[in-house]
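Each step along the sequence shown adds one to the number in the numbering used here, with nothing skipped, and position 408 is 844.
Below: the structure, in structure tokens.
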Amino acid sequence: MSDVQYKVLIGMEIHVQLGTRSKMFTGAANGAHPDHFNAPPNSIVDPVVLGMPGVLPVINKRAVEMAMMVGLALNCEIPGFTKWDRKSYYYPDLPKNYQISQYDLPLCGEGKMELPLADGSTKTVRIRRAHLEEDAGKLLHEGHAEFSQVDLNRAGTPLLEIVTEPDLTTPEEARLFGEELRRICRYLGVTQGIMQQGHMRFEPNINLHIVAEGKTWKTPISELKNLNSFRAVERSCAYEIQRQLAEWHAAGGASQEPTKKVPKFTLGWDDDKGVTVVQRSKEEAEDYRYFPDPDLVPVTVSAEWRERVRKDVVELPIQRRARYEKDYALTHKESAVLVEERGNAELFEAAIAAGGPARRVTNLMLGIASKTANERGVLLPELKIPAGTYASLAKMAEEGTVSATAAVTVFEELLSDPAGDPKKIAEARGLVQVRDVGATEAWVDQALAANPKAAEDYKTNPKKKQASLGFLRGAVMKASAGKADPKMVGELLEKKLNG
Ligand code: MN
Numbered sequence: 437m438s439d440v441q442y443k444v445l446i447g448m449e450i451h452v453q454l455g456t457r458s459k460m461f462t463g464a465a466n467g468a469h470p471d472h473f474n475a476p477p478n479s480i481v482d483p484v485v486l487g488m489p490g491v492l493p494v495i496n497k498r499a500v501e502m503a504m505m506v507g508l509a510l511n512c513e514i515p516g517f518t519k520w521d522r523k524s525y526y527y528p529d530l531p532k533n534y535q536i537s538q539y540d541l542p543l544c545g546e547g548k549m550e551l552p553l554a555d556g557s558t559k560t561v562r563i564r565r566a567h568l569e570e571d572a573g574k575l576l577h578e579g580h581a582e583f584s585q586v587d588l589n590r591a592g593t594p595l596l597e598i599v600t601e602p603d604l605t606t607p608e609e610a611r612l613f614g615e616e617l618r619r620i621c622r623y624l625g626v627t628q629g630i631m632q633q634g635h636m637r638f639e640p641n642i643n644l645h646i647v648a649e650g651k652t653w654k655t656p657i658s659e660l661k662n663l664n665s666f667r668a669v670e671r672s673c674a675y676e677i678q679r680q681l682a683e684w685h686a687a688g689g690a691s692q693e694p695t696k697k698v699p700k701f702t703l704g705w706d707d708d709k710g711v712t713v714v715q716r717s718k719e720e721a722e723d724y725r726y727f728p729d730p731d732l733v734p735v736t737v738s739a740e741w742r743e744r745v746r747k748d749v750v751e752l753p754i755q756r757r758a759r760y761e762k763d764y765a766l767t768h769k770e771s772a773v774l775v776e777e778r779g780n781a782e783l784f785e786a787a788i789a790a791g792g793p794a795r796r797v798t799n800l801m802l803g804i805a806s807k808t809a810n811e812r813g814v815l816l817p818e819l820k821i822p823a824g825t826y827a828s829l830a831k832m833a834e835e836g837t838v839s840a841t842a843a844v845t846v847f848e849e850l851l852s853d854p855a856g857d858p859k860k861i862a863e864a865r866g867l868v869q870v871r872d873v874g875a876t877e878a879w880v881d882q883a884l885a886a887n888p889k890a891a892e893d894y895k896t897n898p899k900k901k902q903a904s905l906g907f908l909r910g911a912v913m914k915a916s917a918g919k920a921d922p923k924m925v926g927e928l929l930e931k932k933l934n935g
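Set out below in structure tokens:
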């Protein structure tokens, strides 16, 4: 293929199920709430969900507030007035034959997200809008050749649809955007963000601007429907870039005339085969006949209400990451791992507030604590070790009361006794470091007397000098039963050997 320059444009539409107790327009339980996720089919429905005649929808205020929180976190404008529209279409998973959505006056207007990239830099992704709507039910086709089954548990689930501008330029950025949005939504507590349960669905819009011989070709826009994993987002975008490029070349490359109109196609992603499949062209897209829902009053958002909701917008992961690097001298990687889960970050901050030195707390949390939490498949708070205990243990390590190794041993004991006192455990296990010069000197002399060869090598053989010192240091620690302060041991050893 000839050498052409091209720019990738990826915009994203995301549907987030909000984890309220009840549904968007009725009191029936919401399947996206942790208490109801495995409800038997068609068990969390009521006349409103079923679209019975004569029923009226009632707005779920909490869902509106959760949507506002996400909008505020994405720096969106929150207009003072927003209304509901009916989007009409026929499908067996939609009993009313219309979806309640928002058309021209969404709850959240323009905004932007600061997206952290892999190299530590950030880029701005513009948000076009975000609106509230209701989810449809589900059709199950598996297991029966002759019929499909309808499950309306999902129907009426509050759904926040977020639309970005096409500011993402690589498949990796598309994935990172999805991951960061999930992080933000989880921090705000509006969803658990469990991808396997469909809490978040991604729809990348992707096309290329190909430049050759002074002309620009805009390839047709592919809208990839309903991706439910970050891997699928990245892989499908990468596939589409290559497919669109190949298609342009096959159609004649630079010899074809650029078209003014950019057509749009809806495609599905076959995860097993790793290919996209055209579902329909937007030319034949249906007319949804949007019109204001006469059953619902518009929502007026006062400045007072908006500011009250803003108070629930906690410090976001990207802000915390930057603060940890600046205030606690954490590396980018360390801070990224710590802020991944809000619960972990809060425990970290509580340990520091309780007087724990940041470096030692970080080492404990990212070392032995994270290792254990991963093994148990839980988050750090679920290890039940209080923030104050992390602080005390970190302080003991900092002050040299216990060695870094002994601190890990104490922590291991705390895992089975989370209410335990690290100081008492260290004493009981004989792990308290002896920082008495006389006692340490005695252990040094004992080790030197027992290992004359190593001492001799240190003095006479430059090649073996470092190795001998390491060996002798180990011998002193052993003589002290691990109680000596390694720093003091090193100093005293070198003084004796060189003196
Ligand atoms: Mn939608």
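Note that CB positions come from ideal geometry on N, CA and C, so glycine has one too.
Query: Between which residues of its own chain and V814 is the CB-CB distance below 7 Å, once the five residues before and five after are set aside?; Result: none
Query: Does E892 come out as helix, strand or coil in the three-state DSSP assignment?; Result: helix
Query: Classify M437 as helix, strand or coil using the three-state DSSP reduction.; Result: Residue placement at M437 is flagged as unreliable, the pLDDT there being 48, under the threshold of 50; the coordinate-derived value follows with that caveat. It is coil, neither helix nor strand.
Query: Pair every Cβ in the segment 559-568 with every Cβ in the segment 597-606, then say whether three or more of these pairs are closer than 8 Å.; Result: yes
Query: Where K900 and L908 are concerned, what is the direct C-alpha to C-alpha distance, given to the nearest angstrom?; Result: 12 Å
Query: In chain order, what are the residue ranges of uninterrupted alpha helix (DSSP H) at least 4 long that sit wholly in the segment 808-854?; Result: 823-835 and 840-852
Query: Please report how far the alpha carbon of L663 lies from the alpha carbon of L905, in whole angstroms.; Result: 58 Å
Query: Going by DSSP, what residues sit across from Y943 in a beta bridge?; Result: Here the chain covers residues 437 to 935 and nothing more, so residue 943 does not appear.
Query: Are the beta-carbon atoms of A864 and A886 separated by less than 8 Å?; Result: no
Query: Going by the C-beta, is E785 closer than 7 Å to any heavy atom of the ligand MN?; Result: no
Query: Going along the chain, which residues of its own chain have a beta-carbon closer than 7 Å to the beta-carbon of P483, five neighbours each way excluded?; Result: V491
Query: Counting Cβ pairs, one atom from each stretch, are 3 or more of them under 8 Å apart for the segment 721-741 and the segment 676-694?; Result: no
Query: Buried or exposed: where does E670 fall if 16 or more other Cβ atoms within 10 Å of its Cβ makes it buried?; Result: buried
Query: For P817, would you say it is in contact with chain C, using Cβ-to-Cβ distances shorter than 8 Å as the test?; Result: Included in the structure is just one protein chain, with no chain C present.
Query: Whose C-beta lies closer than 8 Å to the C-beta of N511 among residues of the same chain, with five residues either side of it excluded?; Result: G547, K548, M549 and I563
Query: In three-state DSSP terms, what is E601?; Result: coil
Query: Return yes when the C-beta of H940 is under 7 Å from any heavy atom of the ligand MN, and no when it is not.; Result: Here the chain covers residues 437 to 935 and nothing more, so residue 940 does not appear.
Query: I'd like to confirm something about E597: is its beta-carbon nearer than 7 Å to some heavy atom of the ligand MN, or not?; Result: yes
Query: Among the residues of its own chain, which have a CB less than 8 Å from the CB of L624, if the five just before and after it don't count?; Result: M502, M505, V506, A509, D748, V749 and V750
Query: With H, G and I counted as helix, E and B as strand and the rest as coil, what does DSSP make of H567?; Result: strand
Query: Quick one: Cα of A883 to Cα of I620, how far?; Result: 56 Å
Query: Closer than 8 Å by C-beta to Q538: which residues in its own chain qualify, once you throw out the five before and the five after it? Chain order, please.; Result: T518, K519, W520, D521, H567, L568 and E569
Query: In whole angstroms, what is the alpha-carbon distance linking R871 and Q755?; Result: 41 Å
Query: Given this structure, state the Cα-to-Cα distance separating M913 from L800, to the nearest angstrom.; Result: 22 Å
Query: So the alpha helix (DSSP H) S771 belongs to, where does it begin and stop?; Result: H768 to V775
Query: So does the segment 441-456 actually touch the segment 638-655, counting three or more Cβ pairs closer than 8 Å?; Result: yes
Query: Run through DSSP, which three-state label would N511 get?; Result: coil
Query: Is the number of C-beta pairs between the segment 460-475 and the segment 493-501 that are closer than 8 Å three or more?; Result: yes
Query: Excluding the five sequence neighbours on either side, which residues of its own chain have a C-beta within less than 7 Å of the C-beta of A668, listed in chain order?; Result: W705 and D707
Query: Leaving out the 5 sequence neighbours to the left and right, which residues in its chain are closer than 7 Å to M631 when beta-carbon positions are compared?; Result: N664 and S665
Query: State the beta-bridge partners of Y442 as determined by DSSP.; Result: I646
Query: What is the DSSP secondary structure of P958, counted as helix, strand or coil?; Result: This structure cannot speak to residue 958, because the chain is shown only from 437 to 935.
Query: Would you decide whether H939 is buried or exposed? Buried here means 16 or more other CB atoms lie within 10 Å of its CB.; Result: Since the first and last residues shown for the chain are 437 and 935, residue 939 lies out of range.
Query: Do E501 and the ligand MN come close, with the Cβ less than 7 Å from some heavy atom?; Result: no
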